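So the sequences go chain by chain: A and B. Residue numbering for the first sequence follows this note's numbering, starting at 27 and increasing by one per position. Residue numbering for the second sequence follows this note's numbering, starting at 4 and increasing by one per position. Every residue gets a Cβ at the ideal spot worked out from N, C-alpha and C, and that includes glycine. Given the structure is predicted, the values throughout are model-derived calculations rather than measurements. Beneath this line is the structure, given in structure tokens, with notes to follow.
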Amino acid sequence: MIYLDHAATTPMRPGVWDAMAPFAGERFGNPSGIHGVSRRAKDALEEARERVAARLGAKPSEIVFTSGGTESDNLAIKGAAMSGGSRRGVVTVATEHEAVLSSVEFLERLGHPVRRVGVDHNGLVDPQELVDAIDETTAVVSVMAVNNETGVTQDVVRLARLVAEQRPAVLFHTDAIQAHPTPGLLTDDLHLLSLSAHKFGGPKGSGVLFVRDGVRLEPVIHGGGQEAGRRSGTTDVAAAVGFATALDLAAEDHSRFVATVGGIRDDFEKLVADAIPDLVINGGDAPRSPQHSNLRIPGVRNESLLIRLDRAGVAASAGSACQSGAPSVSHVLAAMGLTREQVRESVRFSFGWTTTQDEAREAAGILVDAVEALR
Amino acid sequence: MRVLVAMSGGVDSSVAAALMTQAGHDVVGVTLKLWSGPDGEMPTAGCCTLSDSEDARRVAATLGIPYYVLDYTEEFKDGVVERFVGDYASGRTPNPCIECNRTVKFDRLLSRLPEFDCDLLVTGHHARVIDCGGVWELRRGTDRAKDQSYVLSMLTQRELAVTRFPVGEMTKADVRRIAADLGLRTAHKPESMDICFVGQGDYRGFLRKTAPEAFVPGSIVDTTGEVVGRHDGVADFTIGQRRGLGVAVGEPRYVVDIDPTTSTVVIGPRRHLRVGTVGLRDVTFTDAPVEGGVTVQYRAHGEVVPAVLAGSTLVFEEPQEGVAPGQTVAFYADDTVLGGGVIASTGR
């Protein structure tokens, strides 16, 4: 099987599981306790927090461990909008992940003022339109760094700068879950940033929300007050250690990752485009992450193509799927102006740290054959 | 051979997939996602009800075959649900399972066999397809009590040549025994008796929610035309219905006619239900067209009666009661299905 669905999840990097294993075994302790067993777990948890903070350029007190990217997004958005201030509103973008959009819908049902800014045909938001959508009711702006379906990369650094200059009372959140973690990801203008370990070689069920010191946030999960009151529930030490270990490995691999994976992706797209002249790369004219390739093949329904690829040994996706596994209609591509039919002709290939050039070339050949068979 | 098995998540299609796998075929399992909400609710977000497709998925995993969910929600809505609603609004009594077989399973899905590199479509229906020297015959299932040949009577040689019903050869008890022996999780699953998109509720409640415009209040009249009551809409009634008329008269009264254009429901004594001739539409034959004496079944699980078929007109040997426009008539010679059609009109 050639695995080209790394944006859904990617294998754990070597050493991550080994680093986590002691905390499922002899160092099983609950980090919130006074005895030695607890202390040994607590030491590991705080060391993991420090490592994550150092990698992101943050303070340890600004790192909240969560159950994953979805929880991080929920905490950032609901937490900011419900923190009790006079500003209760959210401004976001139509192409955000469901974790953001559904949180925003929830707030809307509760009467919070909500605005969703559209994107152009490349999937990019207009900076001034975003700023103009913010008013005195807005508590938080949420713009994702890299889109999970297309890989289209918003210039979050610039957007956050603009908002800080023109609307300084507003918090800026970015869902950076699909961004390969880089040293420059976290800038001074960002207040909240979501990450998920399993997207860069860590375990599932492990996320982080960066919360800048001083930011007021109502918790989403109430209870024993762990994670400095931001997120109750016994902290999963193994998951935190897995997060920190994977983040170190991914950060150290960053230059190679961008160059190699990006090169493999570009080569794959060229091979496919040469054989399928009417191929369209969704978001292809925008800056994109090196991992993603969202291809539209006119006249070929994605459901049929994905099944055929699976049968031929290539794992890809439609970018979004419902729980049953059938492709669902992508709100991201629809927001970019694609028709319902065009959305259904679109398939996502995503490359990762394990992908080799040979694999990608073989997959390109299988894809071209499948398209010929279906046309 | 390469076989595509339509798996509903029930025991019959689970065993059909198992039998094909055991016979050494290269099997792909699929579940058709037909409707998007539990209890017939239109979806506001998210997905279909998952439990049935999850059962199918787990059975496929047990059998070690690839499994996919195929999205047919649009085709189902357009071809089956809207027709169902329209039929009731027009005073007819539709059979949505037959429409689903006609438009979704044995048309849209069957046409995708090449896409899956498959030679045959297999379902869990209780019926049999027999090779009679170049002609494929459709026969009743061996377990007569579970026979589903009636809902397959629209199939022709084109579909029968590439369709098989492996559990049609066995009794339901045998099907359950095989499922239990193989450890399939669906072995003891109860049979679903409901219309899938209506769910456990009353189909009238579904109609009220889906097509409120179909509920135009009107008169209930007797066979002389005298108004004897009021009703909330013709979709609440079906030919032969006795209950819920809201009219108190001495002799039992039945719905004997429905006129959607004036929103009038006609009730009368039982003898007015008797139908001698039927006008059919969408008549098909499993093989060559048939004329003359046949036996027919004109409702699901109904009895079989003799009749004479001449083109699209059917004449019962003895007048029948409860013959409702919209229902399907299946033509038989003994256990062999000859064809079928949909009741367009009825006459004394």
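Using a Cβ cut-off of 7 Å, pull out every chain B residue sitting near residue i, in sequence order please.
i: Glu-329(A); result: Leu-73, Asp-74
Count the other C-beta atoms from every protein chain shown that fall within 10 angstroms of the C-beta of residue i, then say buried if there are 16 or more, exposed otherwise.
i: Phe-54(A); result: exposed
i: Ser-281(A); result: exposed
i: Ser-87(A); result: exposed
i: Arg-65(A); result: exposed
i: Arg-141(A); result: buried
i: Lys-36(B); result: buried
i: Ser-348(B); result: exposed
i: His-224(A); result: buried
i: Ser-156(B); result: buried
i: His-248(A); result: exposed
i: Val-138(B); result: exposed
i: Arg-412(A); result: Since the first residue shown for chain A is 27 and the last is 401, residue 412(A) is missing from the structure and cannot be characterised.
i: Cys-135(B); result: exposed
i: Pro-303(A); result: exposed
i: Asp-152(A); result: exposed
i: Pro-209(A); result: exposed
i: Met-362(A); result: buried
i: Val-318(B); result: exposed
i: Leu-158(B); result: buried
i: Lys-104(A); result: buried
Can you confirm whether residue i, when its beta carbon is compared against all beta carbons of chain B, has any partner nearer than 9 Å?
i: Ala-352(A); result: yes
i: Leu-212(A); result: no
i: Leu-400(A); result: yes
Apart from the five residues just before and just after residue i, which ones in its own chain have a Cβ nearer than 8 Å to its Cβ?
i: Arg-111(B); result: Tyr-75, Glu-78
i: Phe-294(A); result: Ser-319, Phe-375, Phe-377, Ala-386, Arg-387, Ala-389, Ala-390
i: Ala-272(A); result: Met-38, Arg-39, Val-42, Ala-223, Phe-226, Gly-227, Gly-228, Pro-229
i: Thr-65(B); result: Leu-185, Gly-186, Leu-187, Arg-188
i: Ser-189(A); result: Note that residue 189(A) is Val in the sequence shown, not Ser. Cβ neighbours of Val-189(A) beyond the five flanking positions: Leu-156, Val-157, Ile-160, Val-167, Val-196, Phe-198, Asp-215.
i: Asp-239(B); result: Arg-207, Phe-218, Gly-247
With 9 Å as the threshold, decide whether the Cβ of residue i is near any Cβ in chain A.
i: Val-3(B); result: No information on residue 3(B) is available, as it lies outside the stretch 4 to 351 that chain B covers here.
i: Arg-115(B); result: yes
i: Ala-48(B); result: For Ala-48(B), the predicted model reports a pLDDT of 34, less than 50, meaning its position is unreliable and no value from the coordinates is stated.
i: Pro-97(B); result: no
Given that residue i touches chain B, what residues does it touch there, using C-beta distances under 9 Å?
i: Ile-333(A); result: Val-31, Val-33, Pro-69, Tyr-71, Leu-73, Glu-118, Phe-119
i: Arg-337(A); result: Val-31, Pro-69, Phe-119, Asp-120
Whose C-beta lies closer than 7 Å to the C-beta of residue i among residues of the same chain, with five residues either side of it excluded?
i: Val-182(A); result: Val-169, Ala-171, Thr-200
i: Ala-396(A); result: Leu-331, Arg-334, Leu-335, Ala-338
i: Val-267(A); result: Ala-45, Met-46, Phe-49, Ala-70, Ala-74
i: Gly-251(A); result: Ser-258
i: Ala-48(B); result: Caution is warranted here: a pLDDT of 34 is assigned to Ala-48(B), below 50, making its placement in the model unreliable, and the coordinate value is therefore given only provisionally. Same-chain partners within the cutoff: there are none.
If residue i and residue j are in contact, beta carbons under 8 Å, what's the gap, nearest whole angstrom?
i: Ser-98(A); j: Val-234(A); result: 7 Å
i: Val-306(A); j: Arg-291(A); result: Rounded, the Cβ-Cβ distance is 16 Å, inconsistent with contact.
i: Val-259(B); j: His-275(B); result: 4 Å
i: Cys-100(B); j: Val-14(B); result: So it is not a contact: roughly 17 Å between Cβ atoms.
i: Ala-92(B); j: Ala-214(B); result: 6 Å
i: Gly-94(B); j: Asp-262(B); result: 7 Å
i: Leu-22(B); j: Leu-116(B); result: Actually they are not in contact, since the Cβ atoms of Leu-22(B) and Leu-116(B) sit about 19 Å apart, beyond 8 Å.
i: His-304(B); j: Val-268(B); result: Contact doesn't hold; Cβ gap of about 25 Å is too wide.
i: Gly-164(B); j: Arg-143(B); result: Per the sequence presented here, residue 164(B) reads as Ala, with Gly not at that position. Not confirmed; about 19 Å, so no contact.
i: Leu-82(A); j: Leu-185(A); result: About 19 Å separates the two Cβ atoms, so there is no contact after all.
i: Thr-96(B); j: Thr-265(B); result: Not a contact, Cβ separation roughly 19 Å.
By Cβ distance, which residues of its chain are closer than 6 Å to residue i, with the 5 residues on each side in sequence left out?
i: Ser-315(B); result: Leu-283, Val-286
i: Ala-183(B); result: Ala-190
i: Met-45(B); result: Low confidence applies to Met-45(B): its pLDDT is 39, below 50, so where it sits in the model is not reliable, and the reading given next is rough at best. None.
i: Ala-159(A); result: Val-117, Arg-141, Val-143
i: Val-72(B); result: Thr-34, Lys-36, Ser-56
i: Ala-312(A); result: Asn-148, Gly-149, Leu-150, Val-178
Please indicate yes or no: does the CB of residue i lie closer than 8 Å to some heavy atom of the ligand FMN?
i: Arg-337(A); result: Among the components of this structure there are no ligands whatsoever, and the ligand FMN is therefore not found.
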